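Participant:
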Amino acid sequence: MPIRKTKTKTKTKTKGTRHQKIAPRPSQSAPPAPPTLSTSQSHPPRPPPSAPPAPTTLSSSQTYSPLPPQLANKMVSLIHLSTQIESLSQALSYGLFATPSDQHAATTRMTTLRTKYTAFRTHVDSELTSLGYLPSHTNTPFPPSSSSSSKQPPKLMTDVSKTPGPYTAWHKHKYGPTSPRYTVDKALKRKAEKMANTPGGMRAGKKQRGEMESDYVETDSMKYSLVASLILQSTVVLGDLLPVHFKAPSPAHFHDVVRNDTYDFGCRPVAQPTEDGQFKLAAWLSEAQIVELEKHYELDSDISIQRNLVKRAANAPIGTGDRFSSGTIAPKGLGTQASGTTISSILNINEITSALNALASVYGVPLITLPNKTFEGRSQVVGYVGAGTDKSKYHLFLSAGIHARERGGPDNLIYWISDLLAANKAGTGLTYGKKTYTNAQVKSVLAAGIVFFPAVNPDGIAYDQKNGNLWRKNRNTKSGSSGSSVGVDLNRNFDFLWNFKKFFAAGESPASTSPSSETFYGTGPASEPETKNHVSIYSTFPKIRWFMDIHSAVGDLLYSWGDDDDQTTSSTMNFLNSAYDGKRGPVGDSAYKEYIPSQDLTNIRSVSTATVNAMKAVGGRSYSSQQAVGLYATSGATDDYAFSRYWQVAGANKVYGYTLEFAPSGNFYPTSSEFNTNILDTNAGFMDWALAAIAVGLE
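Per full-length UniProt numbering, the sequence shown runs over residues 1 to 699.
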């Protein structure tokens, strides 16, 4: 994982004048009596997510007497480990890493792999000796030397920095398109192919894995057949990311996985409970990454990997044209239409604007154009409905589309607002699957005052809809002008512990300083116009109490805090206390836990539980509720920023923040069926979230 560089920004904290304050920060004495957070209300701890099946394994082609399958699989992983170590060793000796941080990360990774290799090798040698397979001398296939003084390329590989081939050892998305890569040595491969049918020799061929062919070589160098897995030299990273679930007995089993910042865990890496008492972790990986991880975990019976191949042709289409006729035809949600009605396509970026204009023209919904234009020059619009013209009467705030690829988020929000307005006008209730709501409940929700921001990241949405490349960030080119270096993760750009290098423990990476990372945090807190616009809404509507940011695709509802485990006993252990800088982030330890007033925790959990139960009731799909920190800390996120404002912005209202990740199917690009089910699930969730919030209190 690359070491990241960051700028340190000194923040001046101001305190509000209400009865709940943060106590003054003590002066510089040793262990200062840090600032205290008020205890008037409280925050929730987290539950976990669902599960996947066991990974596929390469079978070992037999040259001599048969090996027990489990032992053969262990040998596959052993050779895979040694290949990785040799690759890293040679790359380090060549000086192929562009920055000292990448070099340090590679060295650390190689040390970890060597430790694992030694343990595996000892175990495997013991089994082989007991079965009579191991000869009197033991040579490591592709030995992982402790220091690589040789300038020869790794075995079976040759430098292809200048002549790219179809097999890459270093993924482009990690080291950039100009980084040196290794490929299988074609001459050696041809020689191996000629020996394919030679008894006692070397055998080479291809094996089909899912929809990708990966080259492999088999050798009997120790009188048994081994698959010399060249995963690191496998097919170039495919454009598609596939939804994957890791499954393990406890969340702790996933810690090593989530610390690899080249893997995509969506909004946050979260472990969810499964029906069989285990836990699952959702991720989105390339085919090559999946194969690599399957090999990596073949020796660990506690962790399995399940993948769901998704055919792009089955995705719900993006709408063409403008179904709202330039804002003259109002959107119609599913809650006010006959059961079984479906919506045929996802709103394109222009239709989102047209839908807002239609709500204004048909129902009189007021719209506000936010102060900052996006990097590509788009204006952003927010609507508010239900509580009249007095902006201090608006207490609910929902936003969507901050991550461009999470398709359907803006649709879910727009169709829910449409349903509320249509049902209110007709004097009817709403029906979402098996969940029904009365007209009185509709009126109650509207009276709470709803602010809605359907497209937080319009540039990114437009780009993703045009290219279908699972784009997450915005399209700001100031930090990088091409490929993955373009853009900022807006959900790491908010002013909550943004300077993570200062605030978090060494080795924790709640965001990234690398422009090529999916979680690049930008050039400063709220550096992006979209972030500034989002923040401005709290000033325009000063009495917002409840906030939800809409994401996909895991099937959970997350609540604060996201920087560390919650605790309700020590008010001085809080995000404003500099005495704890450098200690935040590691979950499950006692060095730091984020303070949350106990009543706040109770409030947030009760509303979270009601929301999740409503979504489950629609059609039985699995949803869970838990604290946002999950497996790994995050910084600069919308929900934590919303909640933190009460203590760090003078006069700010207390806002309970949530992150909803709809679509437990795991697909950022849902099928048409999933798209419609997502609308039903989320709209019921929004209703119960609002009703539960009203019951807890809006002031």
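By construction, the Cβ of each residue, glycine as well, lies at the ideal position given by its N, Cα and C atoms. No experiment lies behind these values; they were computed from the predicted model shown.
#1: Between F675 and I450, which are expected to be in contact by the criterion C-beta below 8 angstroms, what is the C-beta distance as a whole number of angstroms?
#2: Expressed to the nearest angstrom, what Euclidean distance is found between the alpha-carbon atoms of R645 and L497?
#3: Given this structure, state the Cα-to-Cα distance separating V618 from D102, to the nearest angstrom.
#4: Expressed to the nearest angstrom, what Euclidean distance is found between the alpha-carbon atoms of Q627 and S126?
#5: Could you tell me how far apart the beta carbons of P670 and R407 are, in whole angstroms, since I believe they sit closer than 8 angstroms?
#6: Go ahead and pull the three-state DSSP assignment for M548.
#7: Does W689 pass the burial test, meaning 16 or more other C-beta atoms within 10 Å, or should it be called exposed?
#8: Could you give the residue range of the beta strand (DSSP E) that holds K280?
#9: Per DSSP, what kind of secondary structure is S399 in: helix, strand or coil?
#10: Would T659 and D639 qualify as a contact pair, given that the criterion is a beta-carbon distance under 8 angstroms?
#11: Nearest-angstrom Cα distance between L370 and V382?
#12: If I measure Cβ to Cβ from V629 and keep anything under 7 angstroms in the same chain, skipping five residues before and after, which residues do I get?
#13: Just how far apart, CA to CA, sit L680 and Y580?
#14: By alpha-carbon positions, which one of L113, T374, N467, R472 ends up nearest to H296?
#15: Can the beta-carbon of A652 be found closer than 8 angstroms to that of Y538?
#16: Could you check if L367 is buried or exposed, using at least 16 other CB atoms within 10 Å of its CB as the buried criterion?
#17: Quick one: Cα of A387 to Cα of L396, how far?
#18: Expressed to the nearest angstrom, what Euclidean distance is found between the alpha-carbon atoms of L92 and M548?
#19: Can you tell me where the beta strand (DSSP E) holding H245 begins and where it ends?
#20: State the Cα-Cα distance for the pair A400 and G409, rounded to the nearest angstrom.
#21: Using 8 angstroms as the cut-off, can you tell me whether the region 355–364 makes contact with the region 413–432, which would need three or more C-beta pairs spanning the two stretches below that distance?
#22: Can you check DSSP and say which residues form a bridge with F452?
#23: Report the partner residues of T431 according to the DSSP bridge assignment.
#24: Is S672 helix, strand or coil when you go by DSSP?
#25: Does DSSP classify P273 as helix, strand or coil?
#26: Could you give the distance in angstroms between the alpha-carbon of G433 and the alpha-carbon of V535?
#27: Taking DSSP as the reference, what is the three-state secondary structure of L421?
#28: Residues bridged to F662 by DSSP?
#29: Taking the beta carbon of S482 as the centre, do at least 16 other beta carbons fall within 10 Å, making it buried, or is it exposed?
#30: Assess contact between the region 426–440 and the region 485–503, defined as three or more Cβ pairs (one per stretch) separated by less than 8 angstroms. Is contact present?
#31: What are the complete beta strand (DSSP E) segments, minimum 3 residues, inside the region 619–653?
#32: Would you identify the three-state DSSP class for F686, choosing helix, strand or coil?
Facilitator: By the coordinates alone:
#1: Within the sequence shown, residue 675 is the residue found at index 675, counting from 1. Within the sequence shown, residue 450 is the residue found at index 450, counting from 1. About 23 angstroms; that fails the 8 angstroms criterion.
#2: Within the sequence shown, the letter at position 645 stands for residue 645. Within the sequence shown, the letter at position 497 stands for residue 497. The alpha-carbon separation between R645 and L497 amounts to approximately 12 angstroms.
#3: Here the question's residue 618 lines up with position 618 in the sequence shown. Here the question's residue 102 lines up with position 102 in the sequence shown. Their backbone Cα atoms lie some 47 angstroms apart in a straight line.
#4: In the sequence shown, the residue the question calls residue 627 occupies position 627. In the sequence shown, the residue the question calls residue 126 occupies position 126. Straight across, the Cα-Cα distance linking Q627 with S126 is about 44 angstroms.
#5: Translated into the one-based positions of the sequence shown, residue 670 becomes position 670. Translated into the one-based positions of the sequence shown, residue 407 becomes position 407. A Cβ-Cβ distance of about 6 angstroms is found for the pair P670 and R407, placing them in contact under the 8 angstroms criterion.
#6: One-based indexing of the sequence shown puts residue 548 at position 548. Strand.
#7: As a first step, residue 689 is located in the sequence shown; it is residue number 689 there, counting from the start. Burial state of W689 is buried, judged by a 10 Å Cβ sphere holding 16 or more other Cβ atoms.
#8: Within the sequence shown, the letter at position 280 stands for residue 280. Unbroken beta strand (DSSP E) run through K280: 279–285.
#9: Locating residue 399 in the sequence shown gives position 399, counting from the first residue. In the displayed model, S399 falls within a strand according to three-state DSSP.
#10: Along the sequence shown, one-based indexing puts residue 659 at 659. Along the sequence shown, one-based indexing puts residue 639 at 639. A contact, by the Cβ cut-off of 8 angstroms.
#11: The residue you call residue 370 lines up with position 370 of the sequence shown. The residue you call residue 382 lines up with position 382 of the sequence shown. Straight across, the Cα-Cα distance linking L370 with V382 is about 7 angstroms.
#12: Working through the sequence shown from its first residue, we reach residue 629 at position 629. For V629, where only same-chain residues beyond five positions count, the Cβ hits under 7 angstroms are R46, W561, G562, D563, D564, D565, V587.
#13: Taking the first residue of the sequence shown as 1, we reach residue 680 at position 680. Taking the first residue of the sequence shown as 1, we reach residue 580 at position 580. Annotation: L680 to Y580 spans about 43 angstroms, alpha carbon to alpha carbon.
#14: Position 296 of the sequence shown, counting from 1, holds the residue named residue 296. It is L113 whose Cα lies nearest to the Cα of H296.
#15: Taking the sequence shown and counting its residues from 1, the one referred to as residue 652 is at position 652. Taking the sequence shown and counting its residues from 1, the one referred to as residue 538 is at position 538. In terms of Cβ geometry, A652 and Y538 form a close pair [threshold 8 angstroms].
#16: Counting from 1 along the sequence shown, the entry for residue 367 is found at position 367. So L367 counts as exposed.
#17: Against the sequence shown, residue 387 aligns to sequence position 387. Against the sequence shown, residue 396 aligns to sequence position 396. Taken atom to atom, the span from the alpha-carbon of A387 to that of L396 is near 11 angstroms.
#18: Taking the first residue of the sequence shown as position 1, residue 92 is located at position 92. Taking the first residue of the sequence shown as position 1, residue 548 is located at position 548. If I take the Cα positions, the gap works out to 46 angstroms.
#19: Here the question's residue 245 lines up with position 245 in the sequence shown. For H245, the enclosing beta strand (DSSP E) covers residues 242–248.
#20: Here residue 400 refers to the residue found at position 400 when the sequence shown is read from its first residue. Here residue 409 refers to the residue found at position 409 when the sequence shown is read from its first residue. As the crow flies, the alpha-carbon of A400 is around 5 angstroms from that of G409.
#21: Here the region 355–364 makes contact with the region 413–432; the two share three or more CB pairs at distances below 8 angstroms.
#22: Looking up residue 452 in the sequence shown gives position 452. Paired residue(s): G383, L398.
#23: The sequence position of residue 431 within the sequence shown is 431, counting from 1. T431 is bridged to T436.
#24: As a working mapping, residue 672 is identified with position 672 in the sequence shown. In the three-state reduction of the DSSP assignment, S672 falls in the helix class, which pools H, G and I.
#25: Taking the first residue of the sequence shown as 1, we reach residue 273 at position 273. Of the three classes helix, strand and coil, the one that applies to P273 here is strand, per DSSP.
#26: The residue given as residue 433 occupies position 433 in the sequence shown. The residue given as residue 535 occupies position 535 in the sequence shown. In a straight line, the C-alpha of G433 is about 35 angstroms away from that of V535.
#27: Along the sequence shown, read from residue 1 onward, the residue named residue 421 stands at position 421. Helix at L421.
#28: Residue numbering aside, residue 662 sits at position 662 when the sequence shown is read from its first letter. Its beta-bridge partners are S552.
#29: Taking the first residue of the sequence shown as 1, we reach residue 482 at position 482. The residue is exposed, with fewer than 16 neighbouring Cβ atoms inside 10 Å.
#30: The region 426–440 is not in contact with the region 485–503.
#31: Those beta strand (DSSP E) runs which fall completely within the region 619–653 and span 3+ residues are 624–627.
#32: Along the sequence shown, one-based indexing puts residue 686 at 686. Correct three-state label for F686: helix.
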